[in-house]
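I have placed the structure first, in the form of C-alpha coordinates, so that the comments after it can refer back to it.
Residue numbers (full-length UniProt numbering): 1 to 497.
What follows is the structure, given as C-alpha coordinates:
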(Lines of atoms letter the chains of each structure in order from A and count residues from 1; the text may use other names and numbers.)
(Lines give C-alpha, C1' and ligand atoms only; values in the text may rest on other atoms or scores of the structure.)
Protein backbone atom coordinates (compact mmCIF):
# COMPACT_ATOMS: atom_id res chain seq x y z
CA UNK A 1 0.00 0.00 0.00
CA UNK A 2 1.38 3.43 -0.95
CA UNK A 3 1.41 5.98 1.84
CA UNK A 4 -1.26 8.61 1.16
CA UNK A 5 0.14 12.07 0.59
CA UNK A 6 -0.45 14.78 3.14
CA UNK A 7 -2.92 17.43 2.07
CA UNK A 8 -1.25 20.65 0.86
CA UNK A 9 -0.91 23.18 3.67
CA UNK A 10 -0.44 26.26 1.47
CA UNK A 11 -3.97 25.97 0.05
CA UNK A 12 -5.38 26.86 3.48
CA UNK A 13 -4.24 30.45 2.93
CA UNK A 14 -7.36 30.95 0.81
CA UNK A 15 -9.49 30.74 3.97
CA UNK A 16 -9.26 34.26 5.40
CA UNK A 17 -10.54 35.37 8.81
CA UNK A 18 -14.01 36.22 7.50
CA UNK A 19 -14.41 32.85 5.79
CA UNK A 20 -13.17 31.08 8.92
CA UNK A 21 -15.74 32.95 11.01
CA UNK A 22 -18.49 31.89 8.61
CA UNK A 23 -17.24 28.30 8.71
CA UNK A 24 -17.26 28.27 12.53
CA UNK A 25 -20.83 29.50 12.58
CA UNK A 26 -21.89 26.91 10.00
CA UNK A 27 -20.24 24.04 11.88
CA UNK A 28 -21.89 25.11 15.11
CA UNK A 29 -25.31 25.50 13.50
CA UNK A 30 -24.93 22.09 11.85
CA UNK A 31 -24.41 20.47 15.24
CA UNK A 32 -20.84 19.43 14.41
CA UNK A 33 -19.74 19.74 18.03
CA UNK A 34 -17.89 17.81 20.72
CA UNK A 35 -21.21 16.34 21.80
CA UNK A 36 -21.85 14.90 18.34
CA UNK A 37 -18.35 13.45 18.26
CA UNK A 38 -18.73 11.97 21.74
CA UNK A 39 -21.96 10.29 20.65
CA UNK A 40 -20.13 8.69 17.74
CA UNK A 41 -17.10 7.69 19.82
CA UNK A 42 -19.18 5.61 22.24
CA UNK A 43 -19.92 3.22 19.37
CA UNK A 44 -17.73 0.18 20.12
CA UNK A 45 -15.38 2.10 22.44
CA UNK A 46 -11.81 1.03 23.25
CA UNK A 47 -11.42 -0.70 19.90
CA UNK A 48 -8.91 0.35 17.23
CA UNK A 49 -10.57 2.80 14.87
CA UNK A 50 -10.26 0.44 11.91
CA UNK A 51 -12.40 -2.15 13.70
CA UNK A 52 -15.01 0.42 14.67
CA UNK A 53 -15.43 2.02 11.25
CA UNK A 54 -18.09 -0.38 9.85
CA UNK A 55 -20.23 0.09 12.96
CA UNK A 56 -19.79 3.86 12.92
CA UNK A 57 -20.83 3.90 9.27
CA UNK A 58 -24.06 2.06 10.13
CA UNK A 59 -24.91 4.40 13.00
CA UNK A 60 -24.24 7.57 11.00
CA UNK A 61 -26.34 6.21 8.13
CA UNK A 62 -29.30 5.98 10.49
CA UNK A 63 -28.71 9.50 11.86
CA UNK A 64 -29.05 11.53 8.66
CA UNK A 65 -28.28 15.23 8.85
CA UNK A 66 -25.44 17.73 8.43
CA UNK A 67 -23.65 16.69 11.64
CA UNK A 68 -23.47 13.08 10.48
CA UNK A 69 -22.25 14.16 7.05
CA UNK A 70 -19.46 16.25 8.57
CA UNK A 71 -18.49 13.47 10.97
CA UNK A 72 -18.42 10.95 8.13
CA UNK A 73 -16.06 13.00 5.96
CA UNK A 74 -13.86 14.91 8.41
CA UNK A 75 -13.56 12.40 11.27
CA UNK A 76 -14.10 8.91 9.84
CA UNK A 77 -12.99 9.49 6.24
CA UNK A 78 -15.99 8.15 4.40
CA UNK A 79 -16.79 9.70 1.07
CA UNK A 80 -20.29 11.11 0.60
CA UNK A 81 -22.29 12.50 -2.32
CA UNK A 82 -21.17 16.03 -3.18
CA UNK A 83 -24.74 17.32 -2.88
CA UNK A 84 -24.92 16.02 0.70
CA UNK A 85 -21.78 17.93 1.70
CA UNK A 86 -22.94 21.03 -0.20
CA UNK A 87 -26.14 20.95 1.86
CA UNK A 88 -24.16 20.59 5.10
CA UNK A 89 -21.85 23.55 4.38
CA UNK A 90 -23.87 25.72 2.04
CA UNK A 91 -22.81 26.57 -1.52
CA UNK A 92 -20.30 29.33 -0.69
CA UNK A 93 -18.45 27.46 2.06
CA UNK A 94 -18.53 24.26 0.03
CA UNK A 95 -16.71 26.02 -2.80
CA UNK A 96 -14.27 27.59 -0.32
CA UNK A 97 -13.53 24.17 1.17
CA UNK A 98 -12.74 22.80 -2.29
CA UNK A 99 -10.44 25.75 -3.07
CA UNK A 100 -8.60 25.25 0.24
CA UNK A 101 -8.30 21.50 -0.43
CA UNK A 102 -10.26 20.72 2.71
CA UNK A 103 -12.39 18.64 0.37
CA UNK A 104 -11.47 16.61 -2.71
CA UNK A 105 -14.09 16.14 -5.43
CA UNK A 106 -14.11 12.87 -7.36
CA UNK A 107 -15.32 11.92 -10.82
CA UNK A 108 -18.10 9.76 -9.40
CA UNK A 109 -19.80 12.80 -7.83
CA UNK A 110 -18.59 12.12 -4.31
CA UNK A 111 -16.29 14.07 -2.00
CA UNK A 112 -13.76 13.09 0.65
CA UNK A 113 -11.07 14.77 2.75
CA UNK A 114 -7.41 14.12 3.43
CA UNK A 115 -7.71 16.19 6.60
CA UNK A 116 -9.17 15.51 10.00
CA UNK A 117 -11.37 18.28 11.38
CA UNK A 118 -12.21 17.58 15.01
CA UNK A 119 -14.58 19.49 17.28
CA UNK A 120 -13.10 19.88 20.75
CA UNK A 121 -14.01 22.15 23.68
CA UNK A 122 -16.16 24.51 21.58
CA UNK A 123 -13.47 24.88 18.91
CA UNK A 124 -12.48 23.01 15.74
CA UNK A 125 -9.02 21.70 14.92
CA UNK A 126 -7.56 20.63 11.62
CA UNK A 127 -4.96 17.85 11.67
CA UNK A 128 -3.69 14.92 9.62
CA UNK A 129 -4.76 11.29 9.64
CA UNK A 130 -1.91 9.53 11.41
CA UNK A 131 -1.34 7.03 8.61
CA UNK A 132 -0.54 9.84 6.16
CA UNK A 133 3.20 10.05 6.80
CA UNK A 134 5.90 10.53 9.40
CA UNK A 135 5.37 14.32 9.52
CA UNK A 136 1.61 14.03 10.03
CA UNK A 137 0.27 16.55 12.54
CA UNK A 138 -1.64 15.06 15.46
CA UNK A 139 -4.88 16.70 16.51
CA UNK A 140 -6.58 16.63 19.91
CA UNK A 141 -6.72 13.19 21.51
CA UNK A 142 -7.25 11.78 24.98
CA UNK A 143 -4.09 13.37 26.40
CA UNK A 144 -5.30 16.73 25.05
CA UNK A 145 -8.67 16.27 26.74
CA UNK A 146 -6.99 15.51 30.07
CA UNK A 147 -4.47 18.35 29.93
CA UNK A 148 -7.14 20.81 28.85
CA UNK A 149 -9.38 19.82 31.77
CA UNK A 150 -6.57 20.01 34.32
CA UNK A 151 -5.26 23.32 32.99
CA UNK A 152 -8.46 25.35 32.92
CA UNK A 153 -8.33 26.30 36.61
CA UNK A 154 -4.83 27.80 36.36
CA UNK A 155 -4.68 31.56 35.93
CA UNK A 156 -1.99 32.21 33.35
CA UNK A 157 -1.05 35.27 31.33
CA UNK A 158 1.54 33.43 29.24
CA UNK A 159 1.04 29.81 28.16
CA UNK A 160 3.42 27.52 26.26
CA UNK A 161 2.04 24.53 24.31
CA UNK A 162 5.26 22.51 24.08
CA UNK A 163 5.21 19.97 21.24
CA UNK A 164 1.98 21.58 20.09
CA UNK A 165 0.98 19.39 17.16
CA UNK A 166 -2.18 21.02 15.83
CA UNK A 167 -1.98 23.71 18.53
CA UNK A 168 -5.11 22.64 20.38
CA UNK A 169 -3.93 23.68 23.85
CA UNK A 170 -2.44 26.96 22.62
CA UNK A 171 -5.67 27.90 20.85
CA UNK A 172 -7.74 27.02 23.92
CA UNK A 173 -5.45 29.14 26.11
CA UNK A 174 -5.66 32.07 23.70
CA UNK A 175 -9.46 31.79 23.75
CA UNK A 176 -9.26 32.22 27.55
CA UNK A 177 -7.33 35.46 27.05
CA UNK A 178 -3.75 34.26 27.50
CA UNK A 179 -0.74 35.08 25.37
CA UNK A 180 -0.29 31.62 23.89
CA UNK A 181 2.85 30.23 22.27
CA UNK A 182 2.79 27.00 20.25
CA UNK A 183 6.17 25.25 19.86
CA UNK A 184 7.06 22.22 17.74
CA UNK A 185 9.97 20.71 15.82
CA UNK A 186 7.68 19.99 12.85
CA UNK A 187 7.21 23.07 10.64
CA UNK A 188 4.01 21.58 9.24
CA UNK A 189 2.63 21.42 12.79
CA UNK A 190 3.36 25.12 13.31
CA UNK A 191 1.59 25.99 10.04
CA UNK A 192 -1.44 23.89 11.04
CA UNK A 193 -1.45 25.51 14.50
CA UNK A 194 -1.47 28.98 12.94
CA UNK A 195 -4.37 27.97 10.71
CA UNK A 196 -6.29 26.56 13.67
CA UNK A 197 -5.84 29.85 15.49
CA UNK A 198 -7.31 31.67 12.49
CA UNK A 199 -10.09 29.11 12.16
CA UNK A 200 -11.08 29.73 15.78
CA UNK A 201 -10.71 33.51 15.74
CA UNK A 202 -7.71 33.84 18.07
CA UNK A 203 -4.06 34.83 17.78
CA UNK A 204 -1.11 32.69 18.84
CA UNK A 205 2.66 32.90 18.52
CA UNK A 206 4.76 29.99 17.23
CA UNK A 207 8.28 28.78 17.94
CA UNK A 208 10.24 26.14 16.01
CA UNK A 209 13.24 24.00 16.83
CA UNK A 210 14.24 21.13 19.09
CA UNK A 211 12.60 20.97 22.50
CA UNK A 212 15.89 21.86 24.22
CA UNK A 213 16.15 25.13 22.28
CA UNK A 214 12.61 26.27 21.54
CA UNK A 215 11.44 29.23 23.65
CA UNK A 216 14.77 29.15 25.52
CA UNK A 217 15.10 32.17 27.79
CA UNK A 218 11.35 32.77 27.92
CA UNK A 219 9.22 32.31 31.03
CA UNK A 220 5.61 31.15 31.19
CA UNK A 221 2.93 30.93 33.83
CA UNK A 222 1.72 27.63 32.39
CA UNK A 223 3.52 25.06 30.24
CA UNK A 224 1.49 22.19 28.76
CA UNK A 225 3.15 19.24 27.04
CA UNK A 226 1.91 15.99 25.53
CA UNK A 227 5.16 14.64 24.06
CA UNK A 228 5.40 11.61 21.78
CA UNK A 229 5.86 8.64 24.11
CA UNK A 230 5.49 5.43 22.10
CA UNK A 231 8.43 3.04 21.90
CA UNK A 232 10.03 2.67 18.48
CA UNK A 233 11.22 -0.74 17.27
CA UNK A 234 14.14 -0.62 14.85
CA UNK A 235 11.98 -2.15 12.12
CA UNK A 236 9.35 0.61 12.29
CA UNK A 237 9.83 4.05 10.67
CA UNK A 238 9.92 6.90 13.16
CA UNK A 239 7.12 9.45 13.38
CA UNK A 240 7.60 12.90 14.90
CA UNK A 241 4.11 12.83 16.41
CA UNK A 242 4.30 9.34 17.92
CA UNK A 243 7.66 7.91 18.88
CA UNK A 244 9.60 9.02 21.93
CA UNK A 245 12.68 6.81 21.70
CA UNK A 246 13.68 3.21 22.22
CA UNK A 247 11.66 2.86 25.41
CA UNK A 248 9.25 5.63 24.46
CA UNK A 249 9.83 7.87 27.47
CA UNK A 250 13.27 9.30 26.58
CA UNK A 251 11.85 12.26 24.64
CA UNK A 252 9.19 12.87 27.28
CA UNK A 253 11.89 13.25 29.93
CA UNK A 254 13.57 15.86 27.73
CA UNK A 255 10.23 17.68 27.64
CA UNK A 256 10.17 17.59 31.45
CA UNK A 257 13.66 19.08 31.52
CA UNK A 258 12.69 21.85 29.10
CA UNK A 259 9.41 22.64 30.88
CA UNK A 260 11.17 22.97 34.24
CA UNK A 261 13.40 25.70 32.81
CA UNK A 262 10.68 27.76 31.18
CA UNK A 263 8.54 28.55 34.21
CA UNK A 264 8.03 32.01 35.63
CA UNK A 265 7.99 32.35 39.44
CA UNK A 266 4.70 30.83 40.57
CA UNK A 267 4.34 29.01 37.24
CA UNK A 268 3.16 25.44 36.65
CA UNK A 269 3.96 22.84 34.00
CA UNK A 270 1.88 19.76 33.19
CA UNK A 271 3.55 16.98 31.19
CA UNK A 272 1.64 13.78 30.41
CA UNK A 273 3.24 10.61 29.03
CA UNK A 274 3.72 6.86 29.46
CA UNK A 275 6.73 5.48 31.31
CA UNK A 276 8.13 2.04 30.43
CA UNK A 277 8.52 -0.15 33.50
CA UNK A 278 11.86 -1.96 33.43
CA UNK A 279 14.55 -3.10 35.81
CA UNK A 280 16.68 -0.30 37.21
CA UNK A 281 14.38 2.52 36.10
CA UNK A 282 12.15 4.30 38.61
CA UNK A 283 9.85 7.17 37.72
CA UNK A 284 11.05 9.32 40.60
CA UNK A 285 14.74 8.85 39.81
CA UNK A 286 14.28 9.53 36.10
CA UNK A 287 12.38 12.73 36.88
CA UNK A 288 15.04 13.80 39.36
CA UNK A 289 17.67 13.42 36.63
CA UNK A 290 15.54 15.34 34.13
CA UNK A 291 14.75 18.23 36.46
CA UNK A 292 18.33 18.51 37.70
CA UNK A 293 18.99 21.76 39.52
CA UNK A 294 15.89 23.55 38.22
CA UNK A 295 14.13 25.47 41.00
CA UNK A 296 10.88 23.50 40.90
CA UNK A 297 8.73 21.25 43.01
CA UNK A 298 7.93 17.95 41.26
CA UNK A 299 4.73 15.96 41.67
CA UNK A 300 4.32 12.79 39.61
CA UNK A 301 0.88 11.17 39.64
CA UNK A 302 1.05 7.62 38.34
CA UNK A 303 -1.56 5.10 37.26
CA UNK A 304 -1.58 1.98 35.05
CA UNK A 305 -1.65 2.64 31.31
CA UNK A 306 -2.67 0.28 28.50
CA UNK A 307 -1.41 -3.30 28.79
CA UNK A 308 1.51 -3.97 26.47
CA UNK A 309 -0.55 -6.15 24.12
CA UNK A 310 -3.17 -3.44 23.60
CA UNK A 311 -0.47 -0.80 23.20
CA UNK A 312 1.11 -2.84 20.39
CA UNK A 313 -2.23 -3.41 18.65
CA UNK A 314 -3.36 0.23 18.83
CA UNK A 315 -0.01 1.60 17.69
CA UNK A 316 0.15 -0.75 14.71
CA UNK A 317 -3.47 0.05 13.78
CA UNK A 318 -2.74 3.79 13.60
CA UNK A 319 -0.12 3.20 10.94
CA UNK A 320 -1.88 0.36 9.15
CA UNK A 321 -5.65 0.88 9.47
CA UNK A 322 -6.39 -1.67 6.75
CA UNK A 323 -5.36 -4.37 9.31
CA UNK A 324 -3.57 -6.44 6.69
CA UNK A 325 -0.15 -8.14 6.72
CA UNK A 326 1.65 -4.84 7.45
CA UNK A 327 -0.49 -4.38 10.56
CA UNK A 328 0.30 -7.92 11.69
CA UNK A 329 4.03 -7.34 11.18
CA UNK A 330 3.96 -4.01 13.02
CA UNK A 331 1.96 -5.33 15.99
CA UNK A 332 4.40 -8.22 16.28
CA UNK A 333 7.37 -5.85 16.06
CA UNK A 334 6.06 -3.59 18.83
CA UNK A 335 5.31 -6.48 21.17
CA UNK A 336 8.63 -8.23 20.50
CA UNK A 337 10.39 -4.90 21.05
CA UNK A 338 8.97 -4.61 24.58
CA UNK A 339 9.96 -8.20 25.29
CA UNK A 340 13.53 -7.66 24.09
CA UNK A 341 13.91 -4.56 26.27
CA UNK A 342 12.54 -6.25 29.37
CA UNK A 343 9.61 -3.83 29.59
CA UNK A 344 7.02 -5.32 31.94
CA UNK A 345 4.29 -2.70 31.70
CA UNK A 346 3.44 0.94 31.09
CA UNK A 347 2.66 3.61 33.66
CA UNK A 348 0.78 6.78 32.80
CA UNK A 349 2.57 9.70 34.45
CA UNK A 350 1.27 13.22 34.95
CA UNK A 351 4.24 15.37 35.95
CA UNK A 352 3.37 18.65 37.66
CA UNK A 353 6.26 21.08 37.99
CA UNK A 354 5.83 24.24 40.05
CA UNK A 355 8.33 27.04 40.48
CA UNK A 356 7.88 28.64 43.92
CA UNK A 357 7.44 32.39 44.01
CA UNK A 358 10.05 32.66 46.75
CA UNK A 359 13.59 31.65 45.83
CA UNK A 360 14.03 29.88 49.15
CA UNK A 361 10.80 27.84 48.93
CA UNK A 362 10.88 24.05 49.45
CA UNK A 363 11.62 21.70 46.54
CA UNK A 364 9.38 18.69 47.02
CA UNK A 365 9.97 15.57 44.90
CA UNK A 366 6.84 13.44 45.27
CA UNK A 367 5.48 10.40 43.39
CA UNK A 368 1.85 9.62 44.22
CA UNK A 369 0.01 6.61 42.78
CA UNK A 370 -3.60 7.16 41.79
CA UNK A 371 -5.62 4.00 42.22
CA UNK A 372 -8.79 4.96 40.35
CA UNK A 373 -9.94 3.42 37.10
CA UNK A 374 -10.08 6.93 35.63
CA UNK A 375 -7.48 9.72 35.69
CA UNK A 376 -7.68 12.14 38.63
CA UNK A 377 -10.28 14.86 38.27
CA UNK A 378 -9.23 18.51 37.97
CA UNK A 379 -10.70 19.12 41.44
CA UNK A 380 -8.64 16.29 42.97
CA UNK A 381 -5.46 17.50 41.28
CA UNK A 382 -5.91 21.06 42.46
CA UNK A 383 -6.70 19.92 45.99
CA UNK A 384 -3.41 18.00 46.09
CA UNK A 385 -1.53 21.02 44.75
CA UNK A 386 -3.17 23.20 47.38
CA UNK A 387 -1.92 20.77 50.02
CA UNK A 388 1.60 20.90 48.61
CA UNK A 389 1.46 24.69 48.58
CA UNK A 390 0.43 24.62 52.23
CA UNK A 391 3.39 22.36 53.01
CA UNK A 392 5.68 25.13 51.82
CA UNK A 393 4.14 27.87 53.97
CA UNK A 394 6.16 29.40 56.80
CA UNK A 395 5.22 28.25 60.28
CA UNK A 396 3.22 31.38 61.05
CA UNK A 397 0.98 30.89 58.01
CA UNK A 398 0.60 27.15 58.53
CA UNK A 399 -0.31 27.07 62.22
CA UNK A 400 -3.77 28.76 61.89
CA UNK A 401 -4.94 26.22 59.27
CA UNK A 402 -7.31 23.35 59.95
CA UNK A 403 -6.05 20.09 58.47
CA UNK A 404 -7.88 16.82 57.88
CA UNK A 405 -6.97 13.39 56.48
CA UNK A 406 -6.76 13.26 52.69
CA UNK A 407 -9.89 12.11 50.90
CA UNK A 408 -10.01 8.34 50.76
CA UNK A 409 -7.47 7.84 53.58
CA UNK A 410 -8.68 5.61 56.41
CA UNK A 411 -7.21 3.94 59.49
CA UNK A 412 -6.55 0.25 59.76
CA UNK A 413 -5.13 -1.53 62.79
CA UNK A 414 -4.12 -5.15 63.27
CA UNK A 415 -4.08 -6.74 66.72
CA UNK A 416 -2.82 -10.18 67.66
CA UNK A 417 -5.68 -10.46 70.17
CA UNK A 418 -8.67 -8.10 70.51
CA UNK A 419 -7.81 -7.45 74.14
CA UNK A 420 -4.21 -6.39 73.43
CA UNK A 421 -3.69 -2.68 74.13
CA UNK A 422 -0.98 -2.31 71.48
CA UNK A 423 -1.58 -3.23 67.84
CA UNK A 424 0.84 -5.24 65.76
CA UNK A 425 0.42 -2.85 62.86
CA UNK A 426 -1.10 0.60 62.34
CA UNK A 427 -1.67 1.70 58.75
CA UNK A 428 -3.28 4.33 56.59
CA UNK A 429 -5.01 2.74 53.60
CA UNK A 430 -6.15 4.69 50.54
CA UNK A 431 -9.45 3.83 48.88
CA UNK A 432 -9.70 3.39 45.09
CA UNK A 433 -9.75 6.71 43.25
CA UNK A 434 -7.65 8.57 45.81
CA UNK A 435 -4.01 9.65 45.86
CA UNK A 436 -1.34 8.08 48.02
CA UNK A 437 0.35 4.82 48.88
CA UNK A 438 -0.79 2.62 51.74
CA UNK A 439 1.71 3.00 54.57
CA UNK A 440 2.39 1.85 58.06
CA UNK A 441 2.54 4.46 60.80
CA UNK A 442 4.44 4.17 64.01
CA UNK A 443 2.57 4.81 67.24
CA UNK A 444 3.63 8.45 67.19
CA UNK A 445 2.53 8.98 63.61
CA UNK A 446 -0.77 7.22 64.28
CA UNK A 447 -1.38 9.47 67.27
CA UNK A 448 -0.67 12.63 65.27
CA UNK A 449 -2.75 11.53 62.30
CA UNK A 450 -5.72 10.88 64.58
CA UNK A 451 -5.60 14.47 65.87
CA UNK A 452 -6.42 15.93 62.46
CA UNK A 453 -10.19 15.43 62.56
CA UNK A 454 -11.17 18.89 61.34
CA UNK A 455 -12.06 20.28 64.76
CA UNK A 456 -8.62 21.72 65.60
CA UNK A 457 -6.25 24.18 64.03
CA UNK A 458 -2.66 23.13 63.70
CA UNK A 459 -1.85 25.36 66.68
CA UNK A 460 -4.36 23.39 68.76
CA UNK A 461 -2.76 20.13 67.64
CA UNK A 462 0.68 21.36 68.67
CA UNK A 463 -0.57 22.32 72.14
CA UNK A 464 -2.39 19.01 72.60
CA UNK A 465 0.64 17.06 71.43
CA UNK A 466 2.86 18.94 73.86
CA UNK A 467 0.51 18.17 76.74
CA UNK A 468 0.19 14.46 75.92
CA UNK A 469 3.89 13.87 75.32
CA UNK A 470 5.21 16.33 77.92
CA UNK A 471 7.43 17.86 75.27
CA UNK A 472 8.38 21.51 75.34
CA UNK A 473 6.41 23.83 73.08
CA UNK A 474 9.24 24.28 70.57
CA UNK A 475 10.03 20.57 70.39
CA UNK A 476 6.35 19.64 70.03
CA UNK A 477 5.91 22.21 67.25
CA UNK A 478 8.98 20.88 65.42
CA UNK A 479 7.70 17.30 65.61
CA UNK A 480 4.16 18.17 64.51
CA UNK A 481 5.20 20.55 61.73
CA UNK A 482 7.62 17.99 60.29
CA UNK A 483 4.87 15.36 60.21
CA UNK A 484 2.39 17.85 58.73
CA UNK A 485 4.62 19.12 55.93
CA UNK A 486 5.46 15.58 54.89
CA UNK A 487 1.81 14.52 55.15
CA UNK A 488 0.56 17.46 53.06
CA UNK A 489 3.16 16.92 50.35
CA UNK A 490 2.69 13.16 50.11
CA UNK A 491 -1.09 12.84 50.07
CA UNK A 492 -1.74 11.97 53.71
CA UNK A 493 -3.30 15.27 54.83
CA UNK A 494 -5.15 18.13 53.18
CA UNK A 495 -6.32 21.60 54.09
CA UNK A 496 -9.86 21.52 55.49
CA UNK A 497 -12.75 22.89 53.45
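For each residue, glycine too, the CB sits at the ideal point set by N, CA and C. Keep in mind the model is a prediction, meaning the values are calculated, not measured.
Asked                                                                                                                       : Found
Reference residue 14, options 198, 345 and 241, closest by Cα                                                               : 198
Endpoints, the alpha helix (DSSP H) within which residue 124 is located                                                     : Run containing residue 124: none in the alpha helix (DSSP H); it sits in the beta strand (DSSP E), 123 to 127.
Residue from 278, 133 and 351 with nearest C-alpha to residue 239                                                           : 133
The region 482 to 495 in contact with the region 366 to 373 per 3-pair CB rule at 8 Å                                       : yes
Span separating the alpha-carbon of residue 2 from that of residue 326                                                      : With a pLDDT of 45 at residue 2, under the threshold of 50, the modelled position of this residue cannot be trusted; read the value that follows with caution. For residue 2 and residue 326, the distance between alpha carbons rounds to 12 Å.
Stretch-stretch touch, CB-based, cutoff 8 Å, three pairs: the region 427 to 443 with the region 401 to 409                  : yes
Through-space distance from residue 208 to residue 195, alpha-carbon basis                                                  : 16 Å
Residue 295: CB within 7 Å of a non-hydrogen atom of the ligand NAP                                                         : Looking for the ligand NAP in the displayed structure turns up nothing, as the structure carries no ligands at all.
Coarse secondary structure for residue 348, derived from DSSP in three states                                               : strand
Residue closest to residue 117, alpha-carbon to alpha-carbon, out of 104, 110, 135 and 139                                  : 139
Span separating the alpha-carbon of residue 155 from that of residue 270                                                    : 14 Å
CB contact flag (residue 144, residue 169, <8 Å)                                                                            : yes
Rounded C-alpha distance that separates residue 451 from residue 412                                                        : 16 Å
Contact belief for residue 434 with residue 371 at Cβ below 8 Å, rounded distance in angstroms                              : 7 Å
Endpoints, beta strand (DSSP E) assigned at residue 243                                                                     : 243 to 245
Beta strand (DSSP E) runs wholly inside the region 250 to 334, at least 3 long, in chain order                              : 263 to 277 and 297 to 304
Local Cβ density within 10 Å of residue 137, reported as buried at 16 or more and exposed below that                        : buried
Nearest candidate by alpha-carbon position, reference residue 8, set 188, 439, 442 and 40                                   : 188
DSSP-derived helix/strand/coil call for residue 432                                                                         : coil
Residue 104, DSSP secondary structure in three states                                                                       : strand
Among 129, 445, 42 and 22, nearest to residue 95 - alpha-carbon criterion                                                   : 22
C-alpha distance - residue 456 paired with residue 318, whole-angstrom precision                                            : 55 Å
Neighbourhood of residue 57 by C-beta distance below 8 Å, restricted to the same chain and skipping five residues each side : 72, 76 and 78
Identity of the residues DSSP links to residue 447 by a beta bridge                                                         : Partner(s): none; residue 447 has no beta bridge.
Collapsed DSSP secondary structure at residue 437 in the structure displayed                                                : coil
Rounded straight-line distance, which links the Cα of residue 291 to that of residue 465                                    : 38 Å
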